Amino acid sequence: MKIFVDTHAHTVASTHAYSTVHDYFQQAKLKGLHMFGITDHAPAMPDAPHFWHFGNMKVIPRIVNGVAMLRGIEANILPENPGTICCHSGLRDLDIPPNLEPFLDYAIASFHEAVFPPSDDVQRNTQAMIRAIVSGKCQIVGHPGNPRYPIDCEEVVRAAKDNNVLIEINNSSFQMSRVGSEPFCLRLMETVDRLDWKVVFASDSHIATTIGDVSHCIEKAESIGFPIERVVTATAGGFLRFLAEHDKDVSVELADWLDYLETRKYV
Ligand SMILES: [Zn+2]
Ligand SMILES: [Zn+2]
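Residues in the sequence shown are numbered from 35 upward in steps of one, following this note's numbering.
Take a look at the structure:
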């Protein structure tokens, strides 16, 4: 199993990450990755970049040294009553200011402790995640296997499928982040396979040296016979076709580059 796209990476724009866009392009090239997305934290996180960061990603070239970059955001799933947590009042599902959406290729929706206090209330967590999924503002749910936010896998995967939102299997969750995620990630993969849905495998890099590293996701997937056909990020063409279904037609800008990949049988 080989995965050529990584949809989850943080740059120095989120202060607990340590690499620049330039570092990511360089490392992605070295590792033979075709495409990656930067997904810094949305405004409700304490160390999120100023929202201008997202609006100005258009200055970053689409392709550097043959590697393509997508412009993403990791949004926060908001509690029922966000109160003063979110600097943009009136938001009830995700903290993506409406004026930013046209500048983004995609959004990941995740639970983060600084924004949504962890709770064992499965129903509450499930409903909050589904609120984000049905909002139409996100394309991926981030690290949903986090044991600090237990969810009803079946309900979440059904809602994700109904709304064309992908389930992220997060490589960091098998390492030092979100300890205890493994059984939940395996259950999510089994549920996705049974309900005929799709995932992304992502590194959640906070430093460029780990970009594209989804080795734990691959190992776990192979151990349970999870088919690569369900991993939308296996190829750049696959993920770009998915984004087009969300009216995010980045593939138009990347058409020549995709043609080149096609000649090498990579799409
Ligand atoms: Zn996250
Ligand atoms: Zn992240």
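Backbone N, C-alpha and C define an ideal beta-carbon position, used for all residues, glycine too.
Everything numeric in this text was worked out from a predicted model, so none of it was measured.
Cut-off 7 Å between Cβ atoms - residues of its own chain near residue i, not counting five sequence neighbours on either side
| i | result |
| --- | --- |
| N80 | The residue asked about is misnamed: residue 80 is Pro in this sequence, not Asn. These residues qualify, in order along the chain: A148. |
| K282 | D139, Y140 |
| R96 | A102, M103, E287, L288 |
| H50 | D81, H240 |
| A62 | F70, V101, I245, G246 |
| A47 | D74, P83, H87 |
Per DSSP, the bridge partner or partners of residue i
| i | result |
| --- | --- |
| T54 | Answer is none; T54 lacks a bridge partner. |
| T267 | Per DSSP, none; premise fails for T267. |
| V101 | V98 |
| V233 | I201, V265 |
| H75 | E108 |
| I142 | E108, I174 |
| L128 | I111 |
| D40 | F70 |
| S239 | A43 |
Buried versus exposed, by CB contacts within 10 Å (16 or more), residue i
| i | result |
| --- | --- |
| N159 | buried |
| Q157 | exposed |
| T41 | buried |
| I258 | exposed |
| T297 | exposed |
| K232 | buried |
| L229 | exposed |
| E108 | buried |
| G271 | buried |
| L134 | buried |
Coil, strand or helix - residue i by DSSP
| i | result |
| --- | --- |
| E202 | strand |
| G89 | helix |
| Y300 | coil |
| M223 | helix |
| F70 | strand |
| V46 | coil |
| L288 | coil |
| V149 | coil |
| S249 | helix |
| D283 | coil |
| F260 | coil |
| I185 | coil |
| D191 | Asp is not the amino acid found at residue 191; the sequence shown has Val there. Helix. |
Nonlocal neighbours in the same chain, by C-beta distance under 8 Å from residue i, ignoring five residues either side
| i | result |
| --- | --- |
| Y58 | A43, T45, F70, I72, M103, S239, A242, I245 |
| S211 | H177, N204, D238 |
Cβ-based neighbour list, residue i, same chain, cut-off 6 Å, excluding 5 preceding and 5 following
| i | result |
| --- | --- |
| S206 | D238 |
| H280 | Q173 |
Check whether the stretch 177-193 and the stretch 245-256 touch, using three or more Cβ-Cβ pairs below 8 Å as the test. no
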